[in-house]
Every structure is written in C-alpha cells, then in structure tokens.
Amino acid sequence: MIDARVHIGQVCFDNPVMVASGTFGYAAEFEGLVDINAIGAIVTKTVTLEPRPGNPPPRIVETPSGMINSIGLPNVGVEQFITEKMPFLSTLTTRIIVNVAGKVNEEFAQIVARLDEVPGIDGYELNYSCPNVKEGGLSFSADPAIAEKVTKLVRQKTKRLVIAKLTPNVTSIGEIGQAVQNGGADAISAINTLVGMAVDINSRKPKIATITGGLSGPAIKPVALAKVFELVQCVNIPVIAIGGIMSWQDALEFLIVGARAIQVGTANFMDPGAATKTLDGLLSYCRENGISRIVDVIGTLKT
Ligand code: SIN
Numbered sequence: 012m013i014d015a016r017v018h019i020g021q022v023c024f025d026n027p028v029m030v031a032s033g034t035f036g037y038a039a040e041f042e043g044l045v046d047i048n049a050i051g052a053i054v055t056k057t058v059t060l061e062p063r064p065g066n067p068p069p070r071i072v073e074t075p076s077g078m079i080n081s082i083g084l085p086n087v088g089v090e091q092f093i094t095e096k097m098p099f100l101s102t103l104t105t106r107i108i109v110n111v112a113g114k115v116n117e118e119f120a121q122i123v124a125r126l127d128e129v130p131g132i133d134g135y136e137l138n139y140s141c142p143n144v145k146e147g148g149l150s151f152s153a154d155p156a157i158a159e160k161v162t163k164l165v166r167q168k169t170k171r172l173v174i175a176k177l178t179p180n181v182t183s184i185g186e187i188g189q190a191v192q193n194g195g196a197d198a199i200s201a202i203n204t205l206v207g208m209a210v211d212i213n214s215r216k217p218k219i220a221t222i223t224g225g226l227s228g229p230a231i232k233p234v235a236l237a238k239v240f241e242l243v244q245c246v247n248i249p250v251i252a253i254g255g256i257m258s259w260q261d262a263l264e265f266l267i268v269g270a271r272a273i274q275v276g277t278a279n280f281m282d283p284g285a286a287t288k289t290l291d292g293l294l295s296y297c298r299e300n301g302i303s304r305i306v307d308v309i310g311t312l313k314t
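Residue numbers (my numbering): 12 to 314.
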C-alpha cells in the first residue's frame, strides 16, 4: 500500500491528483464514466455571483499540441449552483473545491461568504486568471497589490481552504505568489492558460470569436513547469501544479519540481479517465521504486 495522502492547509487529500476547473464540469457529468471518488479533489467550473451565458462561438479550437478556449465563464450563478450542483457534489467522498470569480474585488468575498453557509465544500480556488472576460479576469493576478487585497477580503470570510489560481501571463509569477501568500492564501494553483490565437488562412478570420483565448494542453507544460518551479522558490505555501499534464510521467515531473498536488485539465476532454489513470501511474511508479509515501517524491529535483 502506498500512502498517497497530501496535506494542503488544514485539509488532508487522499491523493495529489485533482481535476482542473472547467474540464470536469460539476462532476455529475462524469458519473458512471469514472470513479469520481478516486480523484483527490474535484475543482468545479467557475462560479460567479450572477449567471453568465459565456462568450459567443466558436469558443474552442485545437492547435498543435494544444487547445485554445474562450468560454467566458458560463455558469448558473452562485444561488443556482447551491441548489442545482451542490446536492450531487455533496454526495461525493472526495474533496470539493469550488472555483470562484468576481467582476470586482469585493465580489470574490461576497461569493465565498455565501458558499461558506453551505456544507460539503472543502475550499475555494480564486480564479484570478481567466484571460477571456472583459471585467476582472487577468487583472486580479497581474498586479500584486490587487491580488493581495482580494485574497485578504476572501480570507476574512472563510476558514476553509483558500487557493489562488494564477496566470502565467505576467513578468514575475513569484511576486504575485508572494502577494497572495501575504493576503492569507493557503495555497497557489498555477498555471492558468497562456493567451493565444489561431487564424483561419482561408477566411483570414480568427478561429476564436473573441480573437484571442487561453492556450492549454501539452504545448504549455514546459512553461508551467518553469512557473511552478519559480513559485516553489518564492513562497512557503503549497503550490498545486496545472498545465499540460497528460500522463503520470507529466504529473511526476511537477511533483519532483516541488508541487504538493497536481490538476489534470485538458486531458479530461480526450479521456474522462485521465485523472484516475494519472493516479494509478504514480502509485505504480512508487511501488516499483520502493517509495512508500508519495510526499517523499515532492521537491526532489536535483540541480
Ligand atoms: C473560460 O471560461 O473562459 C475559461 C476559464 C479560465 O480560463 O479561467
């Protein structure tokens, strides 16, 4: 038996493999396809204060080794999330992290305060990093002062886990990481997508209605690794790695670099079992290498 547990803040996760926001719906969509409770945590699609229709289509395009999306945070809003999505989520035995986004600073705290009244939620991932919306979006993690302020506002509203999800589209992700740490975040998740673009050479039109979107998938994994490595050097709180994880070997690279946990994202679109396969692969690796606790792999990079 391998001990796969990892701790983030006061929460113990059965294993370090989570599913990334926006790639696993609200989990009910995957019922019957995969053993949802085997996944270390479900990070929900972003929840906003009011319902949002999202961006006009086309809003997803495949690119070499990647995918560009400009979905625009469509969701039913916090009240309907509580009545429609939480009943299923609260039947799960795995950890539930609700990803939230506000249009303005105070909205993050307002949404978290409302969700804090609801049982069955282990923590919040603050989406400071969506490149696809006009109001808010990237601005929250492009400026350390704003990132710190919003995190502080949220921290005042909850004792549950607070995770700040950062963008790689900045000069120094380490500086933003320190800011959210100062604001009271328990952990950082990184990276969200890189701003990207694709053009149809026949029509000469952008392939995405909003012209640019967020690039994810294997194309961004080396960038993600470097950003996670930078964060691990700059902060004392745990870093949860996201970015092009398609296999257990990819996940292992991030753990070696120092990530406490990882999120499988774009791979879920190709294979609903991507996260559980990643976990199985990590456990087999540990078994074959005489490693009894997964945490013993974390931060073992030899430089
Ligand atoms: C989207 O809904 O546009 C993607 C979410 C994100 O990038 O945070």
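Ideal Cβ placement from N, Cα and C applies to all residues, glycine included.
- Considering only residues of the same chain and omitting the five flanking positions on each side of P217, which have a CB-CB separation below 8 Å? These residues qualify, in order along the chain: M208, A209, V210, D211 and T223.
- Message: Below 8 Å on the Cβ atoms is my contact criterion, and I expect I19 with A272 to pass it. Report the Cβ-Cβ distance as a whole number of Å.
- Response: The Cβ separation is near 7 Å, so the contact holds.
- So, using beta-carbon positions, are A201 and K160 closer together than 7 Å? No. Outside cutoff.
- Message: Taking the alpha-carbon of C245 as reference, which of A190, T104, V87 and L149 has the nearest alpha-carbon?
- Response: Residue nearest to C245 within the set A190, T104, V87 and L149 is A190 (criterion: CA-CA distance).
- Message: Between which two residues does the beta strand (DSSP E) holding Q274 run?
- Response: Secondary structure note for Q274: its beta strand (DSSP E) is the uninterrupted segment A272 to V275.
- Find out if the Cβ-Cβ distance for the pair T34, G276 is shorter than 7 Å. Taking 7 Å as the Cβ cut-off, T34 and G276 qualify as a contacting pair.
- Query: Leaving out the 5 sequence neighbours to the left and right, which residues in its chain are closer than 6 Å to S81 when beta-carbon positions are compared?
  - Reply: Counting only Cβ-Cβ distances below 6 Å, and skipping sequence neighbours, we find N66, R70, N143, I219, T221 and G224.
- Query: Curious, which full-length beta strand (DSSP E) runs of at least 3 residues does the region 54-100 contain?
  - Reply: List check, beta strand (DSSP E) in window: 71-74 and 77-80.
- Are G255 and K232 touching if we call contact CB-CB under 7 Å? A contact, by the Cβ cut-off of 7 Å.
- F151: first and last residue of the uninterrupted alpha helix (DSSP H) it sits in: For F151, there is no enclosing alpha helix (DSSP H), as DSSP marks it with neither H nor E.
- Task: Give the secondary structure of I3 by DSSP, where H, G and I count as helix, E and B as strand, and everything else as coil.
- Result: Outside the displayed span of the chain (12 to 314) sits residue 3, for which this structure offers no information.
- Task: Would you kindly work out how many angstroms separate the C-alpha atoms of I1 and V243, rounded to a whole number?
- Result: Summary: the structure shown does not reach residue 1, with the chain confined to residues 12 through 314, and so no result is reported for it.
- Task: Would you mind sorting K170 into buried or exposed? The rule is 16 or more other CB atoms within 10 Å of its CB.
- Result: It counts as exposed.
- Item | Extent of the continuous alpha helix (DSSP H) to which Y135 belongs | Counting along the chain, Y135 falls outside any alpha helix (DSSP H), though it belongs to the beta strand (DSSP E) covering G134 to N138.
- Task: Out of F99, A120, N110 and K114, point me to the one whose CA is closest to N138's CA.
- Result: Closest option to N138, Cα to Cα, is N110.
- Message: What residue range does the alpha helix (DSSP H) around I187 cover?
- Response: DSSP places I187 inside the alpha helix (DSSP H), whose first and last residues are I184 to N193.
- Task: Give the DSSP bridge partners of A52, in chain order.
- Result: In the DSSP output, where bridge partners are listed per residue, A52 has M29 and R106.
- Task: Count the other CB atoms, across all protein chains shown, that sit within 10 Å of the CB of N213; report buried if there are 16 or more and exposed otherwise.
- Result: The residue is exposed, with fewer than 16 neighbouring Cβ atoms inside 10 Å.
- Going by DSSP, what residues sit across from C23 in a beta bridge? C23 pairs with H18.
- Query: Taking Cβ to Cβ, would you say V28 is nearer than 7 Å to T289?
  - Reply: The Cβ atoms of V28 and T289 sit closer than 7 Å to each other.
- Check the C-beta distance from A38 over to F92 and give it rounded, since I have them as a contact under 8 Å. The pair is not a contact, with the Cβ atoms about 13 Å apart (cut-off 8 Å).
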